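Following: one structure in structure tokens, then a few remarks.
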Amino acid sequence: MTSPSKAQAAVGPVAHTDLLLGTRSIPIPKSNTPPTSDKQSALDQLRERHDRECPHCTKATYHTQTVFGEGDPDAQMMFIGEAPGAEEDKTGRPFVGRAGKLLEKMINAMGLAREDVYIANVLKSRPPDNATPTVTEVSKCAPYLTEQIRIIQPAAIVALGAPSAKFLLQTSIGISKLRGRWHTCLFGDLEVPVMPTFHPAYLLRQYTPDNRTKVWSDLQMVMEQLGMKT
């Protein structure tokens with residue numbers, strides 16, 4: 001089994017984005033880790049709190065609805081992207097457009113179904129023109145992702161693309177240098193191995209044999225970490 005290496009920085013229970021983003025995070029109430037049977041209830045309560053209180057999503061006007069995340073609350077694996085796009089905004093579900101279809105193929109290639117994992121984004125509402133989330137947007141919304149992770153307690157996180165990886169690892173290093181090796185994030189007292197890899201949307205633009213090989217190699221490392229057949 002692969003041993004994850006320590007990242008240079010970690011993420012705390014209120015998403016410490018100060019070093020990377022240059023602005024204060026907005027803390028949210030810290031919840032105790034729920035028993036397994038209560039995870040879905042805790043996620044439902046967090047979603048209600050987010051939709052009612054998120055300093056960004058409650059004031060943003062570009063989106064039609066928030067996209068909280070979905071999947072198995074007991075999932076061993078989380079996939080985290082950057083923000084919803086147009087299709088996600090229409091349906092209220094993460095990764096349902098072209099990139100989402102490719103992500104499902106990636107998950108299926110690991111011997112899993114979409115329902116076996118949990119999928120979320122750093123930002124829970126669509127940015128204008130699908131732009132990369134801004135410093136302010138992330139600092140206000142991402143603490144709710146941190147709390148999602150604390151509730152689900154995944155055994156591994158796959159960070160899809162640079163914005164997700166940079167937020168989770170608190171670094172400015174590019175995705176090409178981050179991928180292919182393990183990093184560790186701390187969410188309060190929860191330590192989770194993180195594997196950065198290319199975002200499915202990037203693969204759609206640069207669908208080369210080399211990039212496909214790199215992503216599959218990253219996913220195989222995740223499978224090995226979780227004791228799955230490779």
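The sequence shown begins at 1 in my numbering and counts up by one.
Heads up, the beta-carbon is just placed ideally off N, CA and C, and yes, glycines get one too.
Source: prediction; values computed, not measured.
- Here DSSP, grouped into helix, strand and coil, assigns Tyr-118 to strand.
- Sequence-distant Cβ neighbours of His-56 in its own chain, meaning closer than 8 Å and more than five residues away, are Leu-123, Ser-125, Thr-136, Glu-137, Lys-140, Cys-141.
- Phe-198 is a Cβ neighbour of Gly-161, given a cutoff of 8 Å.
- Under the three-state reduction of DSSP output, Val-96 falls in the coil class, being neither helix nor strand.
- Comparing alpha-carbon positions, the option among Arg-205, Leu-43, Leu-168 lying closest to Arg-179 turns out to be Leu-168.
- Buried is the label assigned to Asn-121, since at least 16 other Cβ atoms lie within 10 Å of its Cβ.
- DSSP places Thr-197 within a strand segment (E or B) once states are collapsed to three.
- In this chain, the alpha helix (DSSP H) harbouring Ala-42 covers 39-53.
- Between Gly-111 and Ser-164, the gap from beta carbon to beta carbon reaches 8 Å or more.
- The alpha-carbon of Tyr-62 is positioned some 42 Å away from that of Thr-230.
- Within the segment 129-184, the complete alpha helix (DSSP H) runs of at least 4 residues fall at 135-152, 162-169, 175-178.
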